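Going line by line, the protein sequences match chains P and U. So that you can map any letter, position 225 of the first sequence is 224 in numbering that gives the first Met the number 0, and since no number is skipped, the others follow by simple counting. So that you can map any letter, position 168 of the second sequence is 167 in numbering that gives the first Met the number 0, and since no number is skipped, the others follow by simple counting. Notes to accompany the following structure.
2 protein chains.
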Amino acid sequence: MVAGHRRQHWVDSGAVTAPDITAAPGARERQRRETRNGILNAALAVFAERGFDGARVRDIAAQAGVNHGLIKYYFQNKEQLWKAAVDFLFERLHQQMTEPEEDRCKPRAERVRLWIKRYVRYCAQHPEHARIMVQESIRDSQRLQWAADKHIRGSHQRLLESLPVTLDLRRFPAIDTTTLIYMMNAATQAPFTLAAEIRHLYGRDVNAAQFVDNYADGIFDLFIRPYLAQAREAED
Amino acid sequence: MVAGHRRQHWVDSGAVTAPDITAAPGARERQRRETRNGILNAALAVFAERGFDGARVRDIAAQAGVNHGLIKYYFQNKEQLWKAAVDFLFERLHQQMTEPEEDRCKPRAERVRLWIKRYVRYCAQHPEHARIMVQESIRDSQRLQWAADKHIRGSHQRLLESLPVTLDLRRFPAIDTTTLIYMMNAATQAPFTLAAEIRHLYGRDVNAAQFVDNYADGIFDLFIRPYLAQAREAED
DNA sequence: CAATAAATTATCCATATGGTTAATCAAAAC
DNA sequence: GTTTTGATTAACCATATGGATAATTTATTG
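Given below as structure tokens:
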């Protein structure tokens with residue numbers, strides 16, 4: 000991505016300054032942000048693919064097209080890089096999940112449908128998210144605790160608030176709300192996390208727009224529709 | 000586990016043979032099997048915790064209480080060890096999931112309930128399974144292809160045959176059977192895969208017998224009950 | 001332009017890693 | 001008992017790894 004941005008300046012010594020195209024004011028900060036984000040994206044990909052211990056700092060740098068020394072320069076070390084990448088991850092999730100203004104006034108069932116659709120799309124676009132979280136969650140590691148405290152707790156709360164339906168669960172007496180969140184989360188992420196397996200075994204592309212939207216409907220039917228029906232009954 | 004099995008023979012040179020306790024006929028083969036299984040169990044734990052690349056052969060050996068050279072002796076290399084471990088994993092799954100003779104004559108709904116319960120228990124006892132599969136499934140690696148062809152395909156088929164109910168899915172028109180398997184699988188494994196996170200955030204022990212059995216009921220309510228109801232209607 | 005500060009690279013280092021080998025030790029065969 | 005075969009260990013090796021440092025290049029400022 001940043002590769003190839005190294006050009007010659009003042010090629011001809013006789014010419015005047017002849018500034019680089021990138022030398023526009025603020026070029027530096029822009030470049031800096033680009034490099035940093037490039038590293039973060041590469042980090043997410045490699046951490047998701049190999050796990051924290053398996054991920055090689057050199058691979059992350061290579062995938063970002065920069066020298067691996069830069070990672071120390073920007074993030075001190077591998078651990079800090081991981082944390083920065085996870086911050087980046089949840090920031091993006093939060094952005095993509097906030098309900099657009101124009102949806103607020105729609106009927107409730109429709110709002111829930113759209114909410115689910117947004118989340119399914121996020122899962123399809125960013126399977127690294129689920130993968131990184133699963134990888135850390137095997138043992139109560141420092142990293143897991145950090146992520147749970149800084150991001151997951153709040154994320155769950157926000158979910159319960161932003162999901163425009165109350166899950167009071169009379170229909171599924173065996174399951175409490177917390178557990179249901181984990182079920183729904185896992186079910187939603189499943190085909191995208193296992194995309195390679197599904198492609199290999201069944202020849203299907205779960206990232207096709209048709210599958211994604213269809214799947215959102217499936218999640219809605221399975222997890223939400225019963226509650227809406229129940230809520231309607233309660234109103235009678 | 001195998002540690003400390005090194006004892007002195009012929010302690011007193013004057014005494015007769017004085018054979019080791021373990022020197023019963025077949026002691027060798029038994030020991031061999033024990034060592035091999037010890038390594039496999041350790042391998043599953045470490046591969047699940049760190050992923051293939053992050054797992055250290057030395058750690059696996061240490062956790063099994065043997066010298067790391069033994070891993071070459073038994074399994075040639077890390078890759079072969081991984082495959083042997085996955086064979087071991089699916090063998091165990093298959094054993095634990097076969098329906099006991101005495102269940103065959105029970106009413107269908109009850110058979111399904113028991114089937115689910117067995118699977119939920121398996122997931123609770125062996126969270127490594129889901130974890131190892133998720134870790135491999137990010138890219139269409141050699142290992143994933145191998146596991147998919149050798150184990151997963153058959154496992155899915157067996158599931159569809161052994162699950163004593165036909166999922167013809169009129170109730171969830173958006174989801175096909177294949178996708179439903181992935182949803183159900185993921186939902187079933189979810190709390191046990193994320194056990195550490197749940198313990199940290201909500202202070203709950205998902206391995207408590209009560210939670211496990213309760214969760215099985217939840218899965219049944221969510222995924223199966225609708226189909227049974229529908230099947231009953233169809234019979235009318 | 002020159003001086004300065006920031007970004008980036010090339011290189012180095014201690015350590016850890018997967019894998020290999022030659023010994024050592026215990027069980028089985030004689 | 002002694003020999004032979006198999007199981008186990010200790011020591012070794014080439015390489016890769018995370019991290020650190022010094023040099024180099026690029027942008028900004030005056």
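Virtual Cβ for every residue (Gly too), placed ideally from N, Cα, C. Just so we're clear, the structure is a prediction, and the values are computed from it rather than from any experiment.
Does residue i get closer than 8 Å to chain U when you measure Cβ to Cβ?
| i | result |
| --- | --- |
| residue 176(P) | no |
| residue 220(P) | yes |
| residue 199(P) | yes |
| residue 156(P) | no |
| residue 190(P) | yes |
| residue 206(P) | no |
| residue 253(P) | Outside the shown range of chain P (0 to 235) lies residue 253(P), about which nothing can therefore be said. |
| residue 112(P) | no |
| residue 227(P) | no |
| residue 186(P) | yes |
| residue 53(P) | yes |
| residue 25(P) | no |
Alpha carbon to alpha carbon, how far is residue i from residue j?
| i | j | result |
| --- | --- | --- |
| residue 52(P) | residue 105(P) | 46 Å |
| residue 212(U) | residue 138(P) | 23 Å |
| residue 220(P) | residue 173(U) | 8 Å |
| residue 130(P) | residue 226(P) | 29 Å |
| residue 190(P) | residue 27(U) | 46 Å |
| residue 54(P) | residue 62(P) | 12 Å |
| residue 114(U) | residue 184(U) | 13 Å |
| residue 187(P) | residue 78(U) | 31 Å |
| residue 248(P) | residue 80(U) | Missing from the structure shown is residue 248(P); chain P here goes from 0 to 235 and no further. |
| residue 112(P) | residue 29(P) | 38 Å |
| residue 118(P) | residue 96(P) | 7 Å |
| residue 200(U) | residue 68(P) | 36 Å |
| residue 70(P) | residue 36(U) | 41 Å |
| residue 125(U) | residue 148(U) | 22 Å |
| residue 50(P) | residue 175(U) | 32 Å |
| residue 25(U) | residue 194(P) | 47 Å |
| residue 41(U) | residue 110(U) | 34 Å |
| residue 215(P) | residue 58(U) | 42 Å |
| residue 134(P) | residue 134(U) | 7 Å |
| residue 116(P) | residue 101(P) | 16 Å |
| residue 156(U) | residue 182(U) | 16 Å |
Considering only the alpha carbon of each residue, which of the options lies closest to residue i?
| i | options | result |
| --- | --- | --- |
| residue 34(P) | 60(P), 137(P), 140(P), 85(P) | 60(P) |
| residue 75(P) | 91(P), 56(P), 63(P) | 56(P) |
| residue 64(U) | 85(U), 81(U), 39(U), 87(U) | 39(U) |
| residue 128(U) | 109(U), 92(U), 96(U) | 92(U) |
| residue 150(P) | 87(P), 180(P), 140(P) | 87(P) |
| residue 158(U) | 179(U), 142(U), 141(U) | 179(U) |
| residue 85(U) | 123(U), 72(U), 144(U) | 144(U) |
| residue 44(P) | 108(P), 132(P), 73(P) | 132(P) |
| residue 31(U) | 205(U), 161(U), 146(U), 73(U) | 73(U) |
| residue 120(U) | 223(U), 46(U), 192(U), 155(U) | 192(U) |
| residue 224(P) | 142(P), 107(P), 146(P), 207(P) | 107(P) |
| residue 98(U) | 217(U), 208(U), 162(U) | 162(U) |
Looking at the secondary structure, which residues open and close the alpha helix (DSSP H) in which residue i lies?
| i | result |
| --- | --- |
| residue 122(U) | 107-124 |
| residue 50(U) | 26-53 |
| residue 56(P) | 56-63 |
| residue 69(U) | 68-74 |
| residue 211(U) | 208-218 |
| residue 153(U) | 152-161 |
| residue 200(U) | 194-201 |
Closest Cβ-Cβ distance between residue i and chain P: below 8 Å?
| i | result |
| --- | --- |
| residue 159(U) | no |
| residue 119(U) | no |
| residue 134(U) | yes |
| residue 62(U) | no |
| residue 88(U) | no |
| residue 50(U) | yes |
| residue 70(U) | no |
| residue 36(U) | no |
| residue 32(U) | no |
| residue 43(U) | no |
| residue 162(U) | no |
| residue 196(U) | yes |
Does residue i come out as helix, strand or coil in the three-state DSSP assignment?
| i | result |
| --- | --- |
| residue 98(P) | coil |
| residue 85(U) | helix |
| residue 221(P) | helix |
| residue 143(P) | helix |
| residue 174(U) | coil |
| residue 133(P) | helix |
| residue 148(P) | helix |
| residue 138(U) | coil |
Mind checking whether the beta-carbon of residue i lies closer than 7 Å to any heavy atom of the ligand PLP?
| i | result |
| --- | --- |
| residue 142(U) | As presented, the structure is devoid of all ligands, the ligand PLP included, so that no description of it is given. |
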